[in-house]
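Chemist:
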Amino acid sequence: RQEAVAQAAAERPVRHALEIGCGEGFLTERLAAFCGSMTAVDVSPTAVARARARLAAAGARVILVEANIRTWIPPSAGFDLIVISDVLSYLGSRGDGLPLVQEPEFRSWLERVAGWLAPGGRLLLAHGFISPEEREVRAGYRARFEPLGLRLEREWEAGAGLDRAPAICLLSVLRKPDAD
Numbered sequence: 046r047q048e049a050v051a052q053a054a055a056e057r058p059v060r061h062a063l064e065i066g067c068g069e070g071f072l073t074e075r076l077a078a079f080c081g082s083m084t085a086v087d088v089s090p091t092a093v094a095r096a097r098a099r100l101a102a103a104g105a106r107v108i109l110v111e112a113n114i115r116t117w118i119p120p121s122a123g124f125d126l127i128v129i130s131d132v133l134s135y136l137g138s139r140g141d142g143l144p145l146v147q148e149p150e151f152r153s154w155l156e157r158v159a160g161w162l163a164p165g166g167r168l169l170l171a172h173g174f175i176s177p178e179e180r181e182v183r184a185g186y187r188a189r190f191e192p193l194g195l196r197l198e199r200e201w202e203a204g205a206g207l208d209r210a211p212a213i214c215l216l217s218v219l220r221k222p223d224a225d
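In my numbering, each number is its position in the sequence shown, counted from 1, plus 45.
1. Which partner residues does Phe-71 have in the DSSP bridge list?
2. Please classify Trp-201: does DSSP put it in a helix, a strand, or coil?
3. Determine the closest residue to Ala-96 out of Phe-79, Cys-67, Arg-199, with distance taken between C-alpha atoms.
4. Under 8 Å by Cβ, that's how I've got Leu-155 and Arg-189 pegged, so tell me the actual separation to the nearest angstrom.
5. Compare the beta carbon distance of Ala-62 and Phe-124 with 8 Å and say whether it is the shorter of the two.
6. Quick one: grab the DSSP three-state call for Arg-57.
7. DSSP three-state call for Ala-103: helix, strand or coil?
8. Going by CA-CA distance only, name the one from Pro-120, Phe-71, Cys-80, Leu-162 that's closest to Ile-127.
9. On the criterion of 16 or more Cβ atoms from any shown chain inside 10 Å, does Leu-74 qualify as buried, or is it exposed?
10. Are the beta-carbon atoms belonging to Gly-81 and Val-110 less than 8 Å from one another?
11. Identify every residue that forms a DSSP beta bridge with Glu-111.
12. DSSP state of Phe-79, grouped into three classes?
13. Which of the three DSSP states, helix, strand or coil, is assigned to Pro-164?
14. In terms of residues, what are the limits of the beta strand (DSSP E) holding Val-132?
15. Using CA atoms only, rank isn't needed, just tell me which of Glu-181, Lys-221, Ile-118 is closest to Leu-169.
16. Give the single residue among Pro-164, Val-88, Ser-89, Ala-103 whose Cα lies nearest to the Cα of Gly-194.
17. Within the same chain, show all residues whose beta-carbon is closer than 6 Å to that of Cys-214, passing over the 5 residues directly before and after it, in chain order.
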């Protein structure tokens, strides 16, 4: 699954990338290998510390930020690539069907993220699912960005049929139109 995300991200040159919800930096390490500059954000101090150690050992140059992605604002926008992998489901619900983030706040956050993209920049969403109902929810994340001016370039499933990974990953690549 991480390989599919990294391959999709590497399809075009990336000067300035952002990973939202980097966890312990497994995917971050792969992304940093082909990005000119990389910023990675996670809310967990433990995850950020582990990511810092992993990335230092690998010699990867990444700006790691411990912050709540719902309120964090990057020091500069203009990202060529933003990767959100298995994060939106955590914002969407507490697991009991009740929303973790109320709708106006969630929409505002989605608008901010879309605004962080440079003209021509890409948003890569990657979220696992194990049922048709979960897939529909994951596709709904992509659909939430389309009214914000991002256009779907392609969408596909990765990981189907792998014995070790019961979840399939829905990958969506959206693009912000070039400036006129």
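Cβ coordinates follow ideal geometry from the N, Cα and C atoms, glycine included.
Modeler: Let's see:
1. Answer is none; Phe-71 lacks a bridge partner.
2. strand
3. Cys-67
4. 6 Å
5. yes
6. coil
7. helix
8. Leu-162
9. Before going further, note that residue 74 is Glu rather than Leu in the sequence given. Looking at its Cβ environment, which holds 16 or more other Cβ atoms inside 10 Å, Glu-74 is buried.
10. no
11. Asp-87
12. coil
13. strand
14. No beta strand (DSSP E) contains Val-132, which DSSP labels as neither H nor E.
15. Lys-221
16. Pro-164
17. Arg-46, Ala-171, Gly-173, Ala-203, Gly-204
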